[in-house]
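Contents: one structure, followed by commentary.
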Amino acid sequence: MNRVMTTRASAAGGQSAPRQLHRKVYRSRATQHFRRFWVPLRSERQLRRIVAASSEVYVDAKVSPETQGGVTGLGGGESFEPATRVRFSIEREVDWGQNIVLVGGHPLLGDWNANDGVPLDWVGGVRWEVEMEMPHYELIEYKYVVRCGWHNDAHIIWSGGPNNLLATNQSTTLEVQDSWVSQEAWLCDEEDPPALAARSATQVYIQCNPQPRKGRAPPPCPVPDWAKDAIFYAIYPLGAFGAPFTNDQYSAPVPRLAKIRQQYDHLQSLGVTAVYFSPLFESETHGYDTVDYFQIDRRLGDLSLFKEIVGELHARGIRVILDGVFNHTGRSHQAFQETARNGPARSQYANWYKIGATPTEYEGWCTINWEEGSGFGFAYDCWEGHPQLPQLNHSDKSVREYIFRVARFWLQEVGVDGWRLDVAHEISPDFWREFRQACEEVKPDCLLVGEMIHGNYRGWVGGDRLHSGTNYQLARAMWSSLVERNYDELFTAIQRETKLYDGLTLLNFLSNHDVIRLASVLDEPAHYTLATASLMLLPGIPCLYYGDEFGVEGVPGTGADEASGGDDALRTVMLNPIDDESWPEIGAERLAITRALVRVRRAFPVFTHGRLDVHSIVYGSTHFVFLRQLGTQVCAYNYLRLISFP
1 MNRVMTTRAS AAGGQSAPRQ LHRKVYRSRA TQHFRRFWVP LRSERQLRRI
51 VAASSEVYVD AKVSPETQGG VTGLGGGESF EPATRVRFSI EREVDWGQNI
101 VLVGGHPLLG DWNANDGVPL DWVGGVRWEV EMEMPHYELI EYKYVVRCGW
151 HNDAHIIWSG GPNNLLATNQ STTLEVQDSW VSQEAWLCDE EDPPALAARS
201 ATQVYIQCNP QPRKGRAPPP CPVPDWAKDA IFYAIYPLGA FGAPFTNDQY
251 SAPVPRLAKI RQQYDHLQSL GVTAVYFSPL FESETHGYDT VDYFQIDRRL
301 GDLSLFKEIV GELHARGIRV ILDGVFNHTG RSHQAFQETA RNGPARSQYA
351 NWYKIGATPT EYEGWCTINW EEGSGFGFAY DCWEGHPQLP QLNHSDKSVR
401 EYIFRVARFW LQEVGVDGWR LDVAHEISPD FWREFRQACE EVKPDCLLVG
451 EMIHGNYRGW VGGDRLHSGT NYQLARAMWS SLVERNYDEL FTAIQRETKL
501 YDGLTLLNFL SNHDVIRLAS VLDEPAHYTL ATASLMLLPG IPCLYYGDEF
551 GVEGVPGTGA DEASGGDDAL RTVMLNPIDD ESWPEIGAER LAITRALVRV
601 RRAFPVFTHG RLDVHSIVYG STHFVFLRQL GTQVCAYNYL RLISFP
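Heads up: the sequence shown begins at 1 in full-length UniProt numbering, then just goes up one per residue.
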């Protein structure tokens with residue numbers, strides 16, 4: 001997505017904390033003082049945090065005897081049911097009146113707020129325990145604190161050392177036995193929450209019951225066979241082919257897309273097997289403000305030209321993926337224009353958007369007043385506060401049917417092979433279930449990749465939803481490992497994938513049209529080899545961003561296009577692959593490295609189908625080593641050289 005402004009505030013922001021529910025008070029026989037504890041879902045306030053963190057916010061979400069320990073009304077109407085029973089235990093001597101509380105980076109553990117943590121029960125001697133339910137496939141950091149009383153400003157002592165990390169996977173039960181680490185041993189401030197601590201001090205707890213609960217394993221979600229071995233190449237066509245920043249929407253089409261024909265041989269020599277085009281639809285400016293979903297942007301050409309290009313790429317063994325911007329439209333889209341002309345009360349498209357009567361009716365809404373013509377004003381929801389991007393109402397049946405018709409048209413009539421779906425994590429998973437069904441009706445082997453900026457990818461990827469997602473979590477970790485030597489973050493990212501995202505095939509990248517280019521990230525040019533090797537050799541589908549193979553630089557916000565917030569600096573014109581004088585000084589070297597690493601990936605099935613055992617990872621401040629294995633084929637990667645043997 002084209003990102004210009006900051007993200008909107010939480011829907012639950014600004015609300016006062018309601019009363020706590022289900023709180024019990026009992027007298028400990030041993031200590032003879034009152035202690036409080038909560039069942040796993042302890043308060044309405046905590047419930048609101050869970051709901052606000054989910055993909056959708058439902059006002060009817062509530063705790064009931066039937067769902068206690070779980071939450072209903074989350075993520076597109078699905079039930080969020082904690083399924084792994086975890087017993088936490090720790091030994092720590094405390095004074096009379098003190099208690100031990102479990103706090104962590106999850107709503108059920110208080111989101112690092114010690115006042116909302118889970119109190120442990122004293123079970124004898126110096127041992128404390130608590131048993132609670134946690135959702136499957138979560139990777140959660142946590143800590144223990146000693147509370148001196150129960151008032152909100154009570155003195156709190158944090159356990160020292162690194163944060164603990166719990167991987168619930170799909171286990172039925174987990175037994176976690178931790179040790180208290182003194183503050184003195186780690187020279188850290190007892191008032192400093194460990195959520196702010198450096199990630200280099202993270203320990204991992206991954207011992208778990210290997211016997212999964214019957215029927216609880218997530219359904220398999222294999223990507224189409226052709227995608228498993230694919231090498232993706234992402235192109236932002238409006239920038240790559242030199243289109244003007246704005247579309248006058250009346251000029252004759254200009255066939256700039258034809259310039260990609262100069263790249264065919266380059267793509268094949270690079271080993272590319274799939275091209276992903278950022279938005280091609282008729283739009284007002286940067287491509288994400290769609291005007292007509294059934295036409296090619298006139299700044300790039302027309303539909304007949306694009307059909308020819310799809311056929312030519314297919315003839316060379318290269319698949320074609322389009323960018324589907326189905327979360328919002330542009331204001332010039334005919335549905336929004338008709339609503340503006342006739343007014344929400346008389347428009348047949350009024351339910352296509354989220355419309356309000358006053359500018360302040362909802363947080364993050366924008367106003368528009370058409371003073372000429374109808375002479376009225378109304379408010380409408382817009383993506384992240386951008387008034388040029390009115391947000392679609394996916395609960396409306398006619399909106400869903402329209403989007404499904406668009407998707408089927410490009411798959412069936414034009415012959416593309418799949419979709420990259422813009423801000424997919426902001427749309428209900430239920431919508432993507434229907435979307436996938438509609439797509440597979442006309443092309444069973446199509447690939448659906450959702451843009452996943454953050455959160456638990458399993459909410460949208462897997463089972464009968466999307467096939468894959470953009471792996472931002474790994475991209476950030478790879479940048480950090482090279483620039484900051486923070487190999488802990490890379491280890492945690494791989495740990496997350498092997499445990500939380502086991503069975504998913506994610507789309508990996510180092511640059512794209514929204515983030516700083518790789519050449520501008522790296523302090524040391526030699527790190528390009530390490531970065532590209534990681535991209536090619538780690539599990540997932542690798543995606544190159546056009547120009548990275550030549551060392552093209554680009555920093556967000558430094559371009560000249562105001563509509564994109566200066567992000568045209570990331571979306572520069574494609575280089576001529578046969579004119580090396582136009583390349584950056586390091587272009588030839590980078591191109592040779594990229595070609596060699598792509599050849600390695602394609603030559604050894606271990607890189608596309610091999611297992612990466614997180615226990616095999618060895619790393620320190622200067623090195624990172626991992627193994628991948630497929631049958632008798634083993635690869636050892638140590639950031640210095642590649643060793644492969646049969």
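All C-beta atoms, glycine included, are put in the ideal place defined by N, C-alpha and C.
- CA-CA distance, residue 556 and residue 520? Numbered from its first residue, the sequence shown carries residue 556 at position 556. Numbered from its first residue, the sequence shown carries residue 520 at position 520. Each residue's Cα considered, the two are about 10 Å apart.
- Message: Using a Cβ-Cβ cutoff of less than 7 Å, which residues in the same chain neighbour residue 572 once the five nearest sequence positions on both sides are dropped?
- Response: Along the sequence shown, read from residue 1 onward, the residue named residue 572 stands at position 572. 239, 547, 552 and 554, listed in sequence order.
- Between which two residues does the alpha helix (DSSP H) harbouring residue 310 extend? For the purposes of this step, residue 310 is taken as residue 310 along the sequence shown, with counting starting at 1. Per DSSP, residue 310 belongs to the alpha helix (DSSP H) from 303 to 315.
- Message: For a quick check, are the C-beta atoms of residue 540 and residue 512 less than 7 Å apart?
- Response: On the sequence shown, residue 540 is found 540 positions in, with the first residue counted as 1. On the sequence shown, residue 512 is found 512 positions in, with the first residue counted as 1. Not a contact, by the Cβ cut-off of 7 Å.
- Message: I need the DSSP call for residue 631, collapsed to helix, strand or coil.
- Response: Residue mapping note: residue 631 aligns to position 631 of the sequence shown, counting from 1. Reduced to three states, the DSSP call for residue 631 is coil.
- Item | Close-in-space but distant-in-sequence residues of the same chain around residue 470 (CB under 6 Å, 5 per side omitted) | Your numbering for residue 470 matches position 470 in the sequence shown. Excluding residues within five positions, the ones whose Cβ falls inside 6 Å are 451, 452 and 507.
- Top-ranked residue by Cα proximity to residue 306, from 166, 491 and 281: Start at 1 with the first residue of the sequence shown, and residue 306 comes out as number 306. Shortest Cα-Cα distance from residue 306 to any of 166, 491 and 281 involves 281.
- Message: Ignoring anything shorter than 4 residues, give me the alpha helix (DSSP H) runs that lie fully in the UniProt domain "CBM20" (78 to 182), in order along the chain.
- Response: none
- Query: Considering only C-alpha positions, which residue in the set 516, 448, 437 and 467 is nearest to residue 475?
  - Reply: Taking the sequence shown and counting its residues from 1, the one referred to as residue 475 is at position 475. The shortest Cα separation from residue 475 among 516, 448, 437 and 467 belongs to 516.
- Message: Check whether chain C comes within 7 Å of residue 601, counting only Cβ atoms and requiring the distance to be less than that.
- Response: In the structure shown, chain C does not exist; there is a single protein chain.
- Where residue 377 falls: helix, strand or coil (DSSP): Locating residue 377 in the sequence shown gives position 377, where the first residue counts as 1. Here residue 377 sits in strand by DSSP.
- Task: Could you tell me which residues DSSP puts in a beta bridge with residue 545?
- Result: In the sequence shown, residue 545 corresponds to position 545, counting from 1. Answer is 234, bridged to residue 545.
- Query: Cα separation between residue 427 and residue 579?
  - Reply: On the sequence shown, position 427 is the one that residue 427 refers to. On the sequence shown, position 579 is the one that residue 579 refers to. Using only the alpha carbons, I get a separation of about 43 Å.
- Neighbourhood of residue 577 by C-beta distance below 8 Å, restricted to the same chain and skipping five residues each side: Within the sequence shown, residue 577 is the residue found at index 577, counting from 1. If we look at residue 577 and ignore the five residues flanking it on each side, its Cβ neighbours are 262, 263, 265 and 266.
- Are there three or more Cβ pairs, one per stretch, closer than 8 Å when the segment 336 to 350 is compared with the segment 431 to 440? no
- How many angstroms separate the CA atom of residue 300 from the CA atom of residue 423? Position 300 of the sequence shown, counting from 1, holds the residue named residue 300. Position 423 of the sequence shown, counting from 1, holds the residue named residue 423. C-alpha separation (whole angstroms): 24 Å.
- Query: Mind checking residue 311: buried by the 16 CB within 10 Å criterion, or exposed?
  - Reply: Your numbering for residue 311 matches position 311 in the sequence shown. Per the 10 Å Cβ criterion, exposed.
- Thinking C-alpha only, which one of 274, 285 and 163 is nearest residue 562? Counted from its first residue, the sequence shown places residue 562 at position 562. Nearest to residue 562 by alpha-carbon distance, out of 274, 285 and 163, is 285.
- Counting Cβ pairs, one atom from each stretch, are 3 or more of them under 8 Å apart for the segment 457 to 466 and the segment 408 to 425? Contact between the segment 457 to 466 and the segment 408 to 425 is established, with three or more Cβ pairs separated by less than 8 Å.
- Item | Cα-Cα separation, residue 283 to residue 567 | Mapped onto the sequence shown, residue 283 falls at position 283. Mapped onto the sequence shown, residue 567 falls at position 567. Rounded to the nearest angstrom, the two C-alpha atoms are 17 Å apart.
- Bridge partner(s) assigned by DSSP for residue 391: Translated into positions along the sequence shown, residue 391 becomes position 391. Its beta-bridge partners are 328.
- Query: With burial defined as no fewer than 16 other Cβ atoms inside 10 Å of the residue's Cβ, what is the status of residue 599: buried or exposed?
  - Reply: Taking the first residue of the sequence shown as position 1, residue 599 is located at position 599. That one is exposed.
- Query: Is residue 156 closer than 7 Å to residue 106 when the C-beta atoms are compared?
  - Reply: In the sequence shown, the residue the question calls residue 106 occupies position 106. In the sequence shown, the residue the question calls residue 156 occupies position 156. Cβ distance not < 7 Å, so residue 106 and residue 156 don't count as in contact.
- Is it right to say residue 151 is buried, meaning 16 or more other beta carbons lie within 10 angstroms of its own, or is it exposed? Here residue 151 refers to the residue found at position 151 when the sequence shown is read from its first residue. Flag for residue 151 reads exposed.
- Leaving out five residues before and five after residue 292 in sequence, what residues of the same chain have Cβ atoms less than 7 Å from its Cβ? For the purposes of this step, residue 292 is identified with residue 292 of the sequence shown, where counting begins at 1. Cβ within range, chain order: 281 and 282.
- Item | Whole-angstrom distance between residue 133 and residue 61, CA atom to CA atom | Position 61 of the sequence shown, counted from the start, is the residue given in the question as residue 61. Position 133 of the sequence shown, counted from the start, is the residue given in the question as residue 133. Because residue 61 carries a pLDDT of 30, less than 50, the predicted location of this residue cannot be relied on, and no value is offered for it.
- Report the three-state DSSP secondary structure of residue 282 (helix, strand or coil). As a first step, residue 282 must be located in the sequence shown, where it is residue number 282. It is a strand residue.
- Item | Nearest to residue 387 (by Cα), restricted to the options 394, 393 and 379 | Within the sequence shown, residue 387 is the residue found at index 387, counting from 1. Checking every option, the nearest Cα to that of residue 387 belongs to 379.
- Nearest-angstrom Cα separation, counted from residue 526 out to residue 479: Numbered from 1 along the sequence shown, position 479 holds the residue referred to as residue 479. Numbered from 1 along the sequence shown, position 526 holds the residue referred to as residue 526. In a straight line, the C-alpha of residue 479 is about 14 Å away from that of residue 526.
- Any idea what DSSP makes of residue 12, helix, strand or coil? Within the sequence shown, residue 12 is the residue found at index 12, counting from 1. Below a pLDDT of 50, predicted positions are generally treated as unreliable, and residue 12, at 31, falls in that range; the measurement from the model is reported next regardless. Here residue 12 sits in coil by DSSP.
- Task: Pull up the CB-CB distance for residue 416 and residue 320, whole angstroms please, since I reckon it's below 8 Å.
- Result: Locating residue 416 in the sequence shown gives position 416, where the first residue counts as 1. Locating residue 320 in the sequence shown gives position 320, where the first residue counts as 1. Rounded, the Cβ-Cβ distance is 5 Å, consistent with contact.
- Between residue 287 and residue 419, which are expected to be in contact by the criterion C-beta below 8 Å, what is the C-beta distance as a whole number of angstroms? By one-based count along the sequence shown, residue 287 stands at place 287. By one-based count along the sequence shown, residue 419 stands at place 419. Between residue 419 and residue 287 the Cβ distance is about 15 Å, and since that is not below 8 Å, they are no contact.
- Under 7 Å between the Cβ atoms of residue 86 and residue 174? Sequence index remark: in the sequence shown, residue 86 carries index 86 (1-based). Sequence index remark: in the sequence shown, residue 174 carries index 174 (1-based). Against a cut-off of 7 Å, the Cβ pair of residue 174 and residue 86 comes out as a contact.
- Query: Does DSSP classify residue 431 as helix, strand or coil?
  - Reply: Residue mapping note: residue 431 aligns to position 431 of the sequence shown, counting from 1. Reduced to three states, the DSSP call for residue 431 is helix.
- Message: Assuming the contact rule is C-beta atoms closer than 8 Å, residue 481 and residue 472 should be a hit. Round their C-beta distance to whole Å, please.
- Response: Within the sequence shown, the letter at position 481 stands for residue 481. Within the sequence shown, the letter at position 472 stands for residue 472. That belief does not hold up - the Cβ atoms of residue 481 and residue 472 are roughly 15 Å apart, past 8 Å.
- Please classify residue 225: does DSSP put it in a helix, a strand, or coil? Working through the sequence shown from its first residue, we reach residue 225 at position 225. Helix at residue 225.
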